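**Q**
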Amino acid sequence: MNIDLKEQRNQKKLTQSELAKKIGTTRPTITRYETGARRPSVNVAKKIADVLGFDWTLFFEDQKRQ
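Numbering-wise, the sequence shown is residues 48 to 113 according to our numbering.
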């Protein structure tokens, strides 16, 4: 993932729980995205990016280079 999701979330002053609620998922799922243990689907990536204000394709940048 070519985005520091935790940093982006902190800049918007949101907790993991608040972000999870805004996009319709759970706090543990946000933790997995932030640690890189899991990558969001395209639909979820778009929701997160919309809330946090960045380009959703950044979630998949490293895949393009492979």
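Quick reminder that beta carbons are idealized off the backbone N, C-alpha and C, glycines included. Small disclaimer: the values here were computed from a predicted structure and weren't measured.
#1: How is residue 76 classed by DSSP in three states: helix, strand or coil?
#2: Apart from the five residues just before and just after residue 113, which ones in its own chain have a Cβ nearer than 8 Å to its Cβ?
#3: Beta-carbon separation of residue 64 and residue 74 under 9 Å?
#4: Ignore the nearest five residues each way along the sequence and tell me which others in residue 93's own chain have a CB closer than 8 Å to its CB.
#5: Does the separation of the CB atoms of residue 87 and residue 106 fall below 9 Å?
#6: Just the C-alpha distance for residue 99 and residue 60, rounded to the nearest angstrom, thanks.
**A** On the basis of the coordinates in this document:
#1: Indexing the sequence shown from 1 puts residue 76 at position 29. Correct three-state label for residue 76: helix.
#2: Position 66 of the sequence shown, counted from the start, is the residue given in the question as residue 113. At residue 113, the pLDDT of 45 sits below 50, so the modelled position is not reliable and the matter cannot be decided from this model.
#3: For the purposes of this step, residue 64 is identified with residue 17 of the sequence shown, where counting begins at 1. For the purposes of this step, residue 74 is identified with residue 27 of the sequence shown, where counting begins at 1. A contact, by the Cβ cut-off of 9 Å.
#4: Translated into the one-based positions of the sequence shown, residue 93 becomes position 46. So the qualifying residues of the chain are 103.
#5: Taking the sequence shown and counting its residues from 1, the one referred to as residue 87 is at position 40. Taking the sequence shown and counting its residues from 1, the one referred to as residue 106 is at position 59. Yes, they are a contact pair.
#6: As a working note, residue 99 is residue 52 in the sequence shown. As a working note, residue 60 is residue 13 in the sequence shown. The alpha-carbon atoms of residue 99 and residue 60 are separated by roughly 10 Å.
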